[in-house]
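Residue numbers (the numbering used here): 120 to 367.
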Ligand code: PEP
């Protein structure tokens with residue numbers, strides 16, 4: 120865990136216009152300029168170029184997904200190579216909302232590999248649907264990590280960020296946010312899974328984030344006691360006042 124935290128704003132399919140996106144980014148850029156944390160914004164892909172043209176300041180840009188390869192016959196798709204060209208240094212991959220629309224573990228694994236070859240940092244989202252009493256959720260998270268990262272070179276693992284996003288804690292239908300204890304337990308478990316795959320030394324270099332109903336009231340608790348290196352924020356990242364409180 121580092122004292123400098125990583126805060127990712129996942130704007131999802133918001134806002135409605137490029138003008139609003141540029142205005143929101145302007146506020147985030149000014150906040151991030153005065154802050155020691157690493158702030159990463161993932162706007163809809165359509166707005167990446169306009170935002171890049173504004174100048175990013177200290178903010179980094181992430182794409183929301185992206186398909187492998189550079190160009191090709193893939194109607195409706197945008198490649199990771201394209202998002203890299205318009206300034207994305209990171210890519211959110213395997214988000215539960217993408218998995219729900221059909222993205223498979225196999226595709227996520229290919230996207231992760233493609234990101235690494237393109238020098239784009241994958242933010243790999245993992246998380247269980249339900250938290251049953253029998254600890255099956257640990258298996259669900261382990262298997263998502265193994266399927267996404269098997270075959271990756273040890274030396275490259277430090278370039279991956281893992282976001283633990285329990286599905287039951289995400290979005291407006293969330294049951295609740297995770298408790299700090301649940302977050303800490305999972306952060307430790309993810310480190311163990313990584314250590315088994317890549318060795319203890321390398322696994323320590325991987326940043327782990329928590330995402331799921333983070334707001335200005337609970338952010339500091341997760342950051343101080345949740346055993347994570349940062350946060351992935353959905354709804355609260357669209358409100359500059361709330362987001363400002365989170366990154367501060
Ligand atoms: C998300 O979907 O990645 C997320 C964390 O959403 P929210 O913060 O709105 O729960």
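Every residue gets a Cβ at the ideal spot worked out from N, C-alpha and C, and that includes glycine.
If you're wondering where the values come from, they're calculated on a predicted model, not measured in any experiment.
(1) So, for residue 242: in the same chain, excluding its five sequence neighbours on each side, which residues have a beta-carbon less than 6 Å away from its beta-carbon?
(2) Out of 204, 125, 181, which one is the CA nearest neighbour of residue 188?
(3) Any heavy atom of the ligand PEP inside 7 Å of the beta-carbon of residue 289?
(4) Could you check whether residue 231 and residue 268 sit closer than 8 Å to each other, using their CB atoms as the reference points?
(5) If we call anything under 8 Å between Cβ atoms a contact, is residue 333 one with residue 296?
(6) According to DSSP, is residue 337 part of a helix, a strand, or is it coil?
(7) Please report how far the alpha carbon of residue 195 lies from the alpha carbon of residue 358, in whole angstroms.
(8) Assuming residue 124 is part of the beta strand (DSSP E), what are its boundary residues?
(9) Which residues mark the beginning and the end of the alpha helix (DSSP H) in which residue 272 is found?
(10) Pull up the distance between the alpha-carbon of residue 316 and that of residue 277, whole angstroms please.
(11) In the region 121-167, which residue ranges form an unbroken beta strand (DSSP E) of at least 3 residues, counting only runs that do not cross its ends?
(12) Exposed or buried, what is residue 214 when buried is set at 16 or more other beta-carbons lying within 10 Å of its beta-carbon?
So, from the data block:
(1) 209, 211, 280, 282
(2) 204
(3) yes
(4) yes
(5) The answer is yes: Cβ separation under 8 Å.
(6) coil
(7) Taking the straight line from one Cα to the other gives about 29 Å.
(8) Looking at the DSSP string, residue 124 is not in any beta strand (DSSP E), and its letter there is neither H nor E.
(9) No alpha helix (DSSP H) contains residue 272, which DSSP labels as neither H nor E.
(10) 13 Å
(11) With a minimum length of 3 residues, the continuous beta strand (DSSP E) runs that stay inside the region 121-167 are 125-129, 157-161.
(12) Residue 214 comes out buried.
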